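*Asks:* Sharing a structure here in structure tokens format.
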Amino acid sequence: MTSAILTHGLTKDYGSGHGVFDLDLEIAEGEVFGFLGPNGAGKTTTIRLLMGVIHPSAGTATVFGLDCDRDSVAVKREVGYLPGDLPQFGGMRGSEVVAYLGGMRGGIDAARVKELAERLELDLGRRFREYSRGNKQKLGLVLAFMHRPRLLILDEPTGGLDPLNQQTFHRMVGEATAAGSTVFLSSHVLSEVEETCSRVGIIRDGRLVSDMTMDKVHELRFHEVVIEFGGEVPEAAVRAAAGVEDVAVEGTRLTCTVHGRFDALIAAISGHTVVDMVSKEPSLESIFLSYYSK
Amino acid sequence: MSPRLLLRLHRIGLIAMAYFGIFYVLVNSAAFPVIAGRTRAAQEAFGHSVTVLGAQFSWLLPLPVRPDTAAGYLQWRGYGFFAIIFAAWGLFSACGAVRRDEERGLVESWLSSGVSRLRLLVSRGLFFAALSAEIVALTGAAGWLGCLIAGTPADVAGLVGESAALWGLTLACFGIGLLISQLAVEFRAAAATGSALLVLMFLLDSIGRSSVHRAPFTDISVFFLFNQSNAVAPGGRFDLTATILLFVIGATATVAASVAFVRRDIGAGLIRTRGRHTPELHEVSSNPLLRTPIVRGLWIRRIGALAWTAGMTVTAASVVLLVNITAAFFASTPTLSPYLRGLPGNVHTVLLALIWLSFAQALVAIFAITYVSRWSADDSSGVLEMQLAQPVPRWGVLAERAAELTTTLTVMCFVAMAVILALAPAEDIPIDVGRLLTATALLMPFALTFAAVGALLAGWRPRAAVVVLSTITVISYLVFELGPLFKWPSWADDLSVFQLYGTPLITPVFVGGLIAMLAIVVVGFGSAGVALARRDVAA
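For the record, the sequence lines run as chains B and F. Read left to right, the first sequence gives residues 1 to 294 (this note's numbering). Read left to right, the second sequence gives residues 1 to 539 (this note's numbering).
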């Protein structure tokens with residue numbers, strides 16, 4: 001099966017260490033790939049390389065087997081694109097922006113536009129300059145989704161959206177993938193990736209530092225545990241338990257982190273009076289912060 | 001706000017006014033002996049002709065005073081004409097400083113950084129006052145130098161007085177612009193309202209000057225107050241009271257604008273009207289014009305295109321109506337009449353050709369530059385990136401741009417041509433329809449020459465495109481206009497793009513020029529296509 005996105009040694013060197021370097025990625029059709037990284041890591045540069053608006057310094061990128069640089073027009077027939085910042089369309093109404101860009105694409109499914117605008121509660125009758133940041137983002141989403149593309153390339157898609165519309169967006173992504181579309185979305189909001197993606201790549205300083213499935217990501221997870229004892233604290237037994245780290249005791253309260261299964265911890269505290277026990281799963285954000293700090 | 005940032009925000013006005021003010025004044029004063037003749041008798045005859053002409057143009061310019069001298073001619077041709085230009089500069093700068101920067105989000109950003117509203121407006125006002133003072137002073141210095149070159153030095157005190165009046169006029173219009181911008185919600189509305197007010201004040205002054213009955217409220221027209229001074233002309237006077245009144249109007253309007261700015265909401269006008277409730281729309285626009293290549297661009301920019309067409313048409317009509325007056329002026333001026341005798345055909349046709357095509361060339365060249373400016377802006381604003389996110393090739397975007405420009409130019413020029421054809425018989429101006437058609441058609445490759453160079457610059461270095469193209473155009477125009485006047489060598493004249501157009505209304509088509517223009521168009525757009533294909537967009 002042809003990969004939806006395939007890059008080999010993709011490089012865009014702006015000098016002084018800025019850009020993207022030796023990027024090797026393969027994203028299968030139907031996947032939802034989250035491209036994570038802090039600001040300035042190279043996410044938008046990678047997206048612009050895939051869209052063919054900038055040329056690579058070295059390496060290649062293909063979308064459904066089409067070269068992103070040479071065959072960029074054919075690539076764009078297959079792609080729905082949401083840029084990081086929508087351009088200023090001034091006094092044009094939302095409905096006119098859709099008609100204008102849809103006309104450049106070659107055709108518009110009016111029913112689909114209406115469905116998207118209704119779901120996102122976007123008033124297309126207002127002028128672009130009157131739109132709030134969130135409404136501009138909604139318009140961008142309508143433009144990206146309106147032609148049911150095989151591949152969605154979305155640069156920080158939930159920026160400016162309220163939580164309800166974020167949920168709508170997540171459902172839209174789910175429906176698109178159910179219909180066979182592939183999604184490549186960049187973000188620095190990890191909860192968004194956690195909600196929608198099946199695989200993530202982490203980019204830092206222009207280099208891909210990790211590429212893993214969400215299952216693998218979840219394996220990296222750990223739990224923060226706080227136990228309140230009724231009497232003596234079995235500190236030595238807990239420290240000796242497999243998978244238990246960062247043990248600290250304050251009075252009758254013990255805190256620790258547990259990687260993997262809880263069996264060893266449970267065995268260590270058995271026979272002691274436990275007044276309260278709280279296990280908290282850290283966010284994906286904390287996991288990646290921990291990952292980055294290593 | 002740093003002066004550097006303010007300088008950046010006013011850079012277009014600064015460059016345009018510096019070009020315009022200094023060159024225009026320098027040329028009109030320095031070229032006086034060439035136009036009027038070098039002997040006293042020739043200059044007196046010229047002065048007499050200008051006085052007669054000036055009376056007929058009194059609705060447009062103040063009556064000339066001592067036009068037989070370089071300083072008097074400078075007063076009439078330079079400072080008389082400057083009033084509307086500097087007034088418009090002041091007005092549009094103020095509208096831009098308030099509304100344009102508010103639309104860009106700059107005002108909100110500055111206010112959120114801890115700058116008070118009052119301080120923001122005052123700093124903009126003071127900076128513009130300093131900037132306009134410099135331009136007015138440089139213009140005065142250029143006038144002094146021009147008169148010196150002409151051999152009749154101008155009175156320095158007179159130049160200082162007239163410069164003060166011009167500065168007062170500019171600041172008065174800036175203040176009015178600031179005030180109007182507090183009431184209007186958008187830049188376009190503020191600029192349109194301000195322009196209408198300027199035209200009204202201009203007409204009040206014009207009616208008062210050219211009829212026995214003074215129109216009511218003439219005295220409060222900023223143009224009336226400015227025209228009370230004509231200190232550059234020998235024997236002219238400087239009206240201190242009128243000049244002080246101009247500064248008072250500017251200061252009062254600025255204070256009123258400051259109060260309004262403090263009271264109103266950012267992004268809104270001082271007076272808020274309750275908006276009509278309209279149901280939400282979720283449908284895509286059904287306008288087929290927005291989906292049709294080339295036509296979509298024309299539709300989006302239809303107001304601008306209509307305004308340009310109207311401007312070209314009014315200019316064409318004005319030129320036809322002025323041909324007879326100008327012919328009489330040329331015929332009665334010994335130094336100018338030989339220029340007409342050397343050209344073939346009817347004198348009225350020749351004048352129409354010279355004046356109209358000179359205006360038309362300048363207008364279509366400026367129009368091409370405005371399009372290049374938009375192409376550059378599309379690049380930096382992300383519009384080009386969004387266009388290229390659709391399945392269209394880069395050369396397709398370029399071809400559509402060129403086609404849209406050509407279509408608009410065609411409409412503008414041929415509507416103006418139709419007006420000339422309609423009005424010329426009533427003015428007894430014989431017109432060769434075939435030649436007028438050819439001359440009008442040749443304006444397309446002429447304008448596209450600038451557009452092609454601009455497209456290449458925009459495809460290569462978008463940020464520098466407008467400045468470089470404007471410089472090329474101004475130099476080209478000056479070479480074209482001044483070359484024959486100062487009898488420069490023909491190779492220097494041939495460097496001008498304006499020269500390539502020829503005089504197709506009265507002489508056969510300049511085939512060499514046409515081939516050169518077409519070559520520039522083909523090579524320019526071809527190279528622009530290559531440059532656009534090779535470079536990174538939005539990077």
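All C-beta atoms in this analysis are idealised placements derived from N, C-alpha and C, irrespective of residue type, glycine included. For clarity, every value in this text was computed on a predicted model and none was experimentally measured.
Report the residues of the region 383-395 of chain F with a CB closer than 7 angstroms to any CB of chain B, ordered along the chain.
*Replies:* Those residues of the region 383-395 of chain F that come within reach of chain B (Cβ to Cβ, closer than 7 angstroms) are Val383, Glu385, Met386, Gln387, Leu388, Ala389, Gln390, Pro391, Val392 and Pro393.
*Asks:* For Thr2(B), count neighbouring C-beta atoms within 10 Å of its own C-beta (all shown protein chains included) and say buried if the count is 16 or more, exposed if not.
*Replies:* The residue is exposed, with fewer than 16 neighbouring Cβ atoms inside 10 Å.
*Asks:* How about Lys138(B) and Leu154(B): are their beta carbons less than 8 angstroms apart?
*Replies:* No. Outside cutoff.
*Asks:* Just verifying my parser: in three-state terms, what is the DSSP assignment at Met146(B)?
*Replies:* Here Met146(B) sits in coil by DSSP.
*Asks:* How would you list, in chain order, the residues of chain B whose beta-carbon sits under 8 angstroms from the beta-carbon of Thr292(F)?
*Replies:* What Thr292(F) touches in chain B: Gly103.
*Asks:* With distances taken between CB atoms, is the gap from Phe89(B) to Glu78(B) smaller than 8 angstroms?
*Replies:* Their beta carbons are not under 8 angstroms apart, which means Phe89(B) does not touch Glu78(B) by this criterion.
*Asks:* Can you tell which of Glu224(B), Gly107(B), Glu228(B) and Val193(B) has the C-alpha that lies nearest to the C-alpha of Met212(B)?
*Replies:* With distances taken between Cα atoms, Met212(B) lies closest to Val193(B).
*Asks:* How big is the Cα-Cα spacing for Arg105(B) and Pro157(B)?
*Replies:* Their backbone Cα atoms lie some 21 angstroms apart in a straight line.
*Asks:* Taking Glu328(B) as the query, report the chain F residues whose CB atoms sit under 8 angstroms from its CB, ordered along the chain.
*Replies:* Outside the displayed span of chain B (1 to 294) sits residue 328(B), for which this structure offers no information.
*Asks:* Throw me the rounded Cβ distance for the Ser132(F) and Trp167(F) pair, which I believe falls under 8 angstroms.
*Replies:* Their Cβ separation, rounded to whole angstroms, is 6 angstroms, which keeps Ser132(F) and Trp167(F) in contact under 8 angstroms.
*Asks:* By Cβ distance below 6 angstroms, which residues in the same chain neighbour Leu405(F) in space, the five residues on each side in sequence not counted?
*Replies:* Counting only Cβ-Cβ distances below 6 angstroms, and skipping sequence neighbours, we find Tyr371 and Ala451.
*Asks:* For Arg77(B) and chain F, any beta-carbon pair shorter than 8 angstroms?
*Replies:* Closer than 8 angstroms: yes.
*Asks:* In this structure, does DSSP put Ile266(B) in helix, strand or coil?
*Replies:* Helix at Ile266(B).
*Asks:* Within 8 angstroms (strictly less), CB to CB, does Gln137(B) reach chain F?
*Replies:* Closer than 8 angstroms: no.
*Asks:* Could you give the distance in angstroms between the alpha-carbon of Trp308(F) and the alpha-carbon of Met412(F)?
*Replies:* Distance between the alpha carbons of Trp308(F) and Met412(F) is about 7 angstroms.
*Asks:* Could you round the C-beta distance between Ile506(F) and Thr349(F) to whole angstroms and report it? I think they count as a contact, below 8 angstroms.
*Replies:* Ile506(F) to Thr349(F), Cβ: 6 angstroms. Contact.
*Asks:* Quick check on the burial criterion: 16 or more other C-beta atoms within 10 angstroms. Buried or exposed for Trp89(F)?
*Replies:* With 16 or more Cβ atoms within 10 Å of its Cβ, Trp89(F) is classed as buried.
*Asks:* Taking all protein chains shown into account, decide if Trp144(F) is buried (16 or more other Cβ within 10 angstroms of its Cβ) or exposed.
*Replies:* Trp144(F) is buried by the Cβ-count criterion.
*Asks:* Taking the alpha-carbon positions, what's the Val97(B) to Ser109(F) distance?
*Replies:* Taking the straight line from one Cα to the other gives about 27 angstroms.
*Asks:* When DSSP labels each residue in this structure, what does Glu228(B) get in the three-state scheme?
*Replies:* In this structure, Glu228(B) counts as strand in the three-state DSSP scheme.
*Asks:* Distance, Cα to Cα, Val98(F) vs Ser258(F)?
*Replies:* Distance between the alpha carbons of Val98(F) and Ser258(F): 11 angstroms.
*Asks:* From this set, Gly297(F), Gly125(F) and Leu204(F), which residue's C-alpha is nearest Gly96(F)'s C-alpha?
*Replies:* Nearest C-alpha to Gly96(F): Gly125(F).
*Asks:* Please compile the residues from chain F whose C-beta is within a distance smaller than 9 angstroms of the C-beta of Ala61(B).
*Replies:* None at all; the shortest Cβ gap to chain F is about 14 angstroms.
*Asks:* Measure the C-alpha to C-alpha separation of Arg301(F) and Asp378(F) and round it to an integer number of angstroms.
*Replies:* Using only the alpha carbons, I get a separation of about 14 angstroms.
*Asks:* Interface residues of chain C around Ser381(F) at Cβ under 8 angstroms?
*Replies:* No chain C appears in the structure shown, which is made up of the protein chains B and F.
*Asks:* Just tell me which of Asn227(F), Ser58(F) and Gly529(F) has its CA closest to the CA of Phe238(F).
*Replies:* The option with the nearest alpha carbon to Phe238(F) is Asn227(F).
*Asks:* Closest to Cys147(F) by CA distance: which of Ala242(F), Ala189(F) and Tyr24(F) is it?
*Replies:* Out of Ala242(F), Ala189(F) and Tyr24(F), Tyr24(F) has the C-alpha closest to the C-alpha of Cys147(F).
*Asks:* In its own chain, which residues sit with a C-beta less than 6 angstroms from the C-beta of Gly297(B), not counting the 5 before and 5 after it?
*Replies:* Any property of residue 297(B) remains undetermined from this structure, which presents chain B solely from 1 to 294.
*Asks:* Would you mind telling me which residues of chain B sit closer than 7 angstroms to Glu103(F), beta carbon to beta carbon, in chain order?
*Replies:* Here the neighbours are Arg129.
*Asks:* Anything in chain F within Cβ reach of Pro149(B), meaning under 8 angstroms, just list it in chain order.
*Replies:* Result: empty, since nearest Cβ-Cβ is about 11 angstroms, beyond 8 angstroms.
*Asks:* Among all the DSSP beta bridges, which residues are the ones paired with Tyr14(B)?
*Replies:* According to DSSP, Tyr14(B) bridges with nothing at all.
*Asks:* Give a yes or no on whether 8 angstroms exceeds the smallest Cβ distance from Gly106(B) to chain F.
*Replies:* Gly106(B) counts as touching chain F.
*Asks:* Leaving aside the five residues before and after Asp428(F) along the sequence, list all residues of the same chain whose C-beta is less than 8 angstroms from its C-beta, in chain order.
*Replies:* Closer than 8 angstroms at Cβ, skipping near neighbours: Asn324 and His348.
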